[in-house]
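So the sequence shown is numbered by the numbering used here: it starts at 3 and just counts up by one.
Glycine included, each C-beta is placed from N, C-alpha and C at the ideal position.
Owing to the predicted nature of the structure, the values given are computational and were not obtained by experimental measurement.
The block underneath contains the structure these notes are about, expressed in structure tokens.
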Amino acid sequence: MKLLIPCASGLEASVKRQLKELGYGDCPAIEGRISLTGDWEDVARLNVFLRSGERVLISLGSFQATTFDELFENVRKLPFEEFLSAHTLIRMDGKSSQSKLGAIKAAGGVAKKAIVERLKQKLGIRSLDERGERAIVGVSIFRDVATVTLDTSGDGLHKRGYRVKNWEAPLKETTAAAMVESSFYRAGKPFADLFCGSGTIPIEAALYALKIAPGAKRDFDFLHWKNTPKVMDGFKKQAEELRDRTTKLELFAGDVDPKAIELARFHARRAGVEEHIRFAVADMRNFTSKESYGILMSNPPYGERMGREEDLRPLYRDFGKVFRSLDKWSCYFLSGFPEAERCFGGKADKRRKLYNANLECGLFGFFGKKPE
Ligand SMILES: C[S@@+](CC[C@H](N)C(=O)[O-])C[C@H]1O[C@@H](n2cnc3c(N)ncnc32)[C@H](O)[C@@H]1O
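Below, the structure is given as structure tokens:
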């Protein structure tokens, strides 16, 4: 099967490295989707182990589609009956850019009609009751070429299952994991998130350092489709075996708001990493450490809801001062505050554009000295 892994803009490099580590070599990325070939075992492995991909899609086919008729006829040729049953609840998803079929909702409606026609004919049924398992069918049209996909993940892969309560401006788990993955963090190094909110960054750092598979405890849509072979048990077992149960991490998670700390602790408990994180209600200005070569990684406040510019400037200035008071630490932070880097002080060694909650952000890396 041809598999596609959509990635949030700016995370492709991290996902590609993760794929390499999982043994998939150098996979090409086209239009924000990484493509590879694989079987059901790969579908299971990727869903369980990938930390920063958005979801795992099976590509059923690509074809030119400049009219609704062309779309209908081509979708009807695709082998949906190999995956879907007479009871499948079909959900349509899609996007279109630089194409004649720009009305993606209407295109989705046409594609769904074609799928239903195909299933009626191939399964010998009169209608689809849609009371069963879910399948999200994607139609993405780019420059008049439509690609039709089946979403094996269902809920996005950022939904690990531990974060159940909302916090203002939380960071997506997949983005936090990519921040950790692309830093120099590894077990044994000091690590601190001074603006931890609901705890996403330190929790993802703990999952990463302890080799805990992010998808080991959750459900995926493809497991409920007809004809899916029993492939999951082996990977859940493998995930258990790979997990590091001997290392004790010493991560620090601070936030000035006691409710945030309560929530972050609750999420860490759900993720099974609470004992590895020291939580504290603390203003980041009071953070000190006697250790060297640590990592600060944070998502400080930004945007209208989280602070006015005149409050953010001194906050970032003080954050920069805290960083420079530490011995040979590195600092990575994600922020949508346009003056973040300037106020923090100095020039970032690494700078990348990312999106969080549809807001353009910068991911800044300030590197400390490397150990001798
Ligand atoms: C954008 S949110 C962090 C979201 C977090 N990454 C998450 O995934 O939930 C910023 C956080 O910084 C905290 N904060 C603001 N000023 C602070 C300060 N001076 N010291 C420590 N924390 C602060 C806020 O309470 C808020 O939880």
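About 17 Å separates the beta carbons of residue 283 and residue 320, which is beyond the 8 Å limit, so they are not a contact pair.
In the DSSP annotation of this structure, residue 41 is not part of any beta strand (DSSP E), being labelled neither H nor E. Under the rule that a run must span 4 or more residues, the alpha helix (DSSP H) segments found entirely inside the segment 7-68 read 14-23, 42-51.
When the five nearest sequence neighbours on each side are left out, the beta carbons in the same chain lying within less than 8 Å of the beta carbon of residue 45 are those of 3, 5, 58, 60, 154, 224, 233, in order along the chain. The beta carbons of residue 213 and residue 244 sit closer together than 8 Å. Taking the C-beta atoms as reference points, residue 49 is found nearer than 8 Å to residue 217.
Annotated three-state conformation of residue 186 is coil, per DSSP. For residue 219, the closest C-alpha among the options 162, 112, 76 is that of 162.
Residue 373 is classed as exposed because its beta carbon has fewer than 16 other beta carbons within 10 Å across all chains shown. In its chain, beyond the 5 residues on either side, 233 have a beta carbon closer than 7 Å to the beta carbon of residue 43.
Residue state for residue 358 is assigned as strand, using DSSP reduced to three classes.
The beta carbon of residue 354 lies closer than 6 Å to those of 12, 365 in the same chain, with the five residues before and after it left out. Restricting attention to 350, 175, 266, the CA atom closest to the CA of residue 369 is found in 350. Proximity of the beta carbon of residue 299 to ligand 1 is not indicated: no heavy atom of the ligand is located closer than 7 Å. With 5 Å as the limit between CB and the heavy atoms of ligand 1, the residues that fall short of it are 169, 171, 172, 173, 197, 199, 200, 202, 257, 258, 259, 262, 285, 286, 301, 303. Around the beta carbon of residue 69, fewer than 16 other beta carbons lie within 10 angstroms, which makes this residue exposed.
If you draw a 10 Å sphere on the C-beta of residue 317, you find 16 or more other C-beta atoms in it, and that means buried. The Cβ-Cβ distance between residue 113 and residue 73 falls below 8 Å.
Sequence-distant Cβ neighbours of residue 196 in its own chain, meaning closer than 6 Å and more than five residues away, are 256, 286, 289, 300. Taken atom to atom, the span from the alpha-carbon of residue 134 to that of residue 119 is near 18 Å. Per DSSP, the unbroken alpha helix (DSSP H) holding residue 211 starts and ends at 202-211.
Counting along the chain, the unbroken alpha helix (DSSP H) around residue 74 starts and ends at 70-78. Judged by DSSP in its simplified three-state form, residue 334 adopts strand. The distance from the Cβ of residue 179 to that of residue 54 is about 5 Å, consistent with a contact at the 8 Å cut-off.
If you ignore the 5 residues before and after residue 127, its C-beta comes within less than 8 Å of the C-beta of 88, 121, all in its own chain and listed in chain order. Around the beta carbon of residue 20, 16 or more other beta carbons sit within 10 angstroms, so the residue counts as buried.
Put simply, the backbone Cα of residue 29 is about 31 Å away from that of residue 75. Assignment of beta-bridge partners to residue 94 by DSSP yields 139.
DSSP places residue 85 in no alpha helix (DSSP H); its state is neither H nor E.
Of the other Cβ atoms in all chains shown, fewer than 16 fall within 10 Å of the Cβ of residue 129; this residue is therefore exposed. Nearest to residue 168 by C-alpha distance, out of 266, 36, 33, 276, is 266. When only Cα atoms are considered, residue 189 and residue 211 end up about 5 Å apart. In this structure, the alpha-carbon of residue 231 lies about 20 Å from that of residue 125.
For residue 62 and residue 80, the gap between their C-alpha atoms comes out near 6 Å.
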